[in-house]
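Peer 1:
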Amino acid sequence: MDQRTGSLESVVRRMAYIDFEFYKGKRVFVTGHTGFKGTWLCRVLAGAGAIVTGYSLKPPTTPALFPMAGLEGKMTSVIHDILDFDVLFAAFQAAQPEIVLHLAAQPIVRDSYKDPACTYETNVMGTVNILECVRRTSCVRSFLNVTTDKVYHNNEWVWGYREEEPLDGFDPYSNSKSCSELVTHSYRSSFFADGRAAISTARAGNVIGGGDFANDRIIPDCVRAVKERKSIIVRNPYSTRPYQHVLEPLLAYLMIAQRQYEDRKFAGWYNVGPDECDCVTTGELVDLFCRTWGEGISWENRAEPDAPHEANFLKLDCSRLKSVFGWRPRWHMTQAIEKTVEWTRVWLEGGDIPAVMDRQIEEYMEV
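Heads up, the sequence shown is in this note's numbering, so the first residue is 253 and it goes up one at a time.
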């Protein structure tokens with residue numbers, strides 16, 4: 253074990269609401285591990301000493317975080333389509349996981365308008381396939397399906413949606429994730445009522461952080477603009493979203509997975525989002541990015557009159573997660589942007605990406 257990983261292990265164990273000693277030696281199966289969130293999650297798990305198997309397509313962007321993250325030799329990586337059940341099940345059988353974290357998805361709203369069939373296939377049948385693997389494998393004790401804050405029927409309320417609100421996402425991406433929720437609920441009732449595996453979903457808000465290169469996301473758009481020394485283009489500066497640093501939901505996922513593994517009474521449906529003060533408009537977020545980056549960068553409002561529908565106002569009520577687990581967000585928006593800018597500068601300067609990731613994980617744990 254290298255020195256950075258050892259340091260990360262010692263820090264991780266000090267978190268108040270999650271004991272990462274629990275993950276040492278645990279067999280964990282992560283779908284979507286080559287994506288932005290999946291890569292950060294695997295870096296955390298590797299630092300905690302987990303035995304990690306990832307199953308995913310190749311990284312979805314160029315450049316991509318996964319090849320930079322120093323995970324070679326620290327986990328097993330299976331590159332294949334989650335829609336190929338036979339290959340997925342073979343990887344599952346080889347891994348014999350105790351904990352399954354399902355992140356694989358087509359995650360971009362605009363892409364779901366371009367290819368709705370692929371979006372539904374991946375987000376719905378992908379969930380069916382991974383739950384079939386869990387159903388057919390007795391070793392799994394904890395399963396968490398990661399969905400989105402967009403699963404709710406959006407009334408453009410100024411208050412946050414609670415877990416009991418109706419599920420009915422508008423666009424193909426959001427609706428497919430609503431369907432993924434319903435699939436999970438059905439499997440839980442139909443096949444896991446005996447308690448042999450704890451089944452939960454986590455509905456997270458918008459995440460930001462170093463290493464996100466996706467199209468049609470505001471922070472990656474900011475990064476591309478500063479790299480090319482151009483003005484940042486903002487399509488809708490007035491839309492409000494629950495932004496949070498990527499480590500916030502990831503550590504919440506691991507907390508839920510651990511606690512329901514230890515006691516199945518904690519299985520359920522959980523919103524994972526920031527505090528009220530961090531539900532900001534896109535324009536406010538970009539203003540903060542520009543101030544933090546400096547160098548005179550700026551943005552311009554370039555609305556698209558014929559753009560596909562996206563929600564204007566969206567918040568989550570995370571009272572359940574807070575009351576059940578004592579969870580609280582650790583980094584507010586200013587810190588989240590600072591960490592994103594720090595990571596991006598290291599990347600642009602050709603620096604040590606695994607080192608900056610581990611340092612930020614350690615700093616997050618120490619708050």
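Just so it is clear, CB atoms sit at the ideal spot from N, CA and C, and this is done for glycine as well. Source: prediction; values computed, not measured.
Along the chain, where does the beta strand (DSSP E) containing Thr-494 start, and where does it finish?
Peer 2: The sequence given here places Pro at residue 494; Thr does not occur at that position. It spans 492-494 - the beta strand (DSSP E) in which Pro-494 sits, taken as one unbroken run.
Peer 1: Less than 8 Å between the CB atoms is what I'm expecting for Gly-284 and Ser-308, so what's the real figure, rounded?
Peer 2: With a Cβ gap of about 5 Å, Gly-284 and Ser-308 count as contacting.
Peer 1: Whose CA, out of Phe-288, Glu-273, Phe-274, Ile-270, lies closest to the CA of Val-459?
Peer 2: Comparing Cα-Cα distances from Val-459 to each of Phe-288, Glu-273, Phe-274, Ile-270, the minimum goes to Phe-288.
Peer 1: What residues in its chain sit with their C-beta under 7 Å from that of Ser-432, if we drop five residues either side in the sequence?
Peer 2: Cβ neighbours of Ser-432 beyond the five flanking positions: Asn-375, Val-376, Thr-379, Asn-397, Thr-399.
Peer 1: Once DSSP output is grouped into helix, strand and coil, what is the label at Asn-523?
Peer 2: Strand at Asn-523.
Peer 1: Short of 7 Å in beta carbon distance, which residues of its chain neighbour Cys-570, apart from the five on each side in sequence? Order them along the chain.
Peer 2: Cβ neighbours of Cys-570 beyond the five flanking positions: Asn-523, Val-524, Gly-525.
Peer 1: Going by DSSP in three states, Arg-393 sits in which element: helix, strand or coil?
Peer 2: The answer is coil: DSSP assigns Arg-393 none of H, G, I, E or B.
Peer 1: Could you pull out every residue in the same chain whose Cβ sits closer than 6 Å to the Cβ of Tyr-365, ignoring the five residues on either side in sequence?
Peer 2: These residues qualify, in order along the chain: Pro-560.
Peer 1: So Arg-611 is in the alpha helix (DSSP H); what residue range does that whole segment cover?
Peer 2: Note, Arg-611: alpha helix (DSSP H), 605-618.
Peer 1: Tell me whether Val-608 counts as near the ligand FAD, meaning its Cβ is closer than 6 Å to at least one heavy atom of that ligand.
Peer 2: Within the structure as shown, the ligand FAD is missing, as the structure has no ligands at all.
Peer 1: According to DSSP, is Arg-440 helix, strand or coil?
Peer 2: DSSP places Arg-440 in helix when its eight states are reduced to three.
Peer 1: Count the other CB atoms within 10 Å of the CB of Pro-494; is the residue buried (16 or more) or exposed (fewer)?
Peer 2: Counting Cβ neighbours within 10 Å, Pro-494 comes out buried, since at least 16 surround it.
Peer 1: Please classify Gln-255: does DSSP put it in a helix, a strand, or coil?
Peer 2: Reliability fails at Gln-255, whose pLDDT of 44 lies under 50, so the model's placement of it is uncertain and no value is given.
Peer 1: From the DSSP output, in three-state form, read off Gly-378 for me.
Peer 2: It is helical.
Peer 1: Count the other CB atoms within 10 Å of the CB of Gly-258; is the residue buried (16 or more) or exposed (fewer)?
Peer 2: Residue placement at Gly-258 is poorly supported in this model, since its pLDDT is 47, which falls under 50; the coordinates still yield a value, given next. By the neighbour-count rule (16 or more Cβ atoms within 10 Å), Gly-258 is not buried but exposed.
Peer 1: Please return the same chain residues whose Cβ sits closer than 6 Å to the Cβ of Gln-255, not counting the five positions on each side in sequence.
Peer 2: Per-residue confidence for Gln-255 stands at a pLDDT of 44, beneath the threshold of 50, marking its modelled position as unreliable; the derived number appears in the next sentence. Excluding positions up to five away in sequence, the list is empty.
Peer 1: Which parts of the stretch 277-348 are runs of the beta strand (DSSP E), unbroken and 3 residues or longer, counting only runs that do not cross its ends?
Peer 2: You should have 279-283, 303-308, 328-331.
Peer 1: Which full runs of the beta strand (DSSP E) of 3+ residues lie inside the stretch 537-573, going along the chain?
Peer 2: Whole beta strand (DSSP E) segments, 3+ residues: 551-553.
Peer 1: Which residue comes first and which comes last in the beta strand (DSSP E) that contains Ile-484?
Peer 2: Counting along the chain, the beta strand (DSSP E) containing Ile-484 begins and ends at 484-486.
Peer 1: Just tell me which of Val-593, Gln-612, Gly-290 has its CA closest to the CA of Phe-281.
Peer 2: Residue Gly-290 is the option with its Cα nearest to Phe-281.
Peer 1: Can you check whether the CB of Ser-390 is closer than 7 Å to the CB of Asp-351?
Peer 2: A small correction: the amino acid at residue 351 is Ile; Asp does not occupy that position in the sequence shown. Result no, Cβ atoms of Ile-351 and Ser-390 do not sit closer than 7 Å.
Peer 1: I'd like to know if Val-403 contacts chain B, where contact means its C-beta is closer than 7 Å to some C-beta of that chain.
Peer 2: Of the protein chains in the structure, only one exists, and it is not chain B.
Peer 1: Let me confirm a value: Ser-262 is counted as buried when at least 16 other C-beta atoms fall within 10 Å, else exposed. Which label applies?
Peer 2: In this prediction, Ser-262 has a pLDDT of 45, which is less than 50 and means its spatial position is unreliable; nothing more can be read from the coordinates.
Peer 1: Could you tell me the distance, in whole angstroms, from the CA atom of Arg-265 to the CA atom of Leu-335?
Peer 2: The predicted position of Arg-265 is uncertain, since its pLDDT is 43 and thus under 50; a value taken from the coordinates is nonetheless stated next. Arg-265 and Leu-335: Cα-Cα distance of roughly 36 Å.
Peer 1: For Val-498, which three-state DSSP category applies?
Peer 2: Residue state, collapsed to three classes: coil.
Peer 1: What are the start and end residues of each continuous beta strand (DSSP E) run of 3 or more residues lying completely inside the stretch 392-473, in chain order?
Peer 2: Within the stretch 392-473, the complete beta strand (DSSP E) runs of at least 3 residues are 394-398, 450-456.
Peer 1: What are the boundary residues of the beta strand (DSSP E) that Trp-589 is part of?
Peer 2: Checking the displayed sequence, the identity of residue 589 turns out to be Ile instead of Trp. From DSSP, Ile-589 is part of no beta strand (DSSP E) but of the alpha helix (DSSP H) over 585-600.
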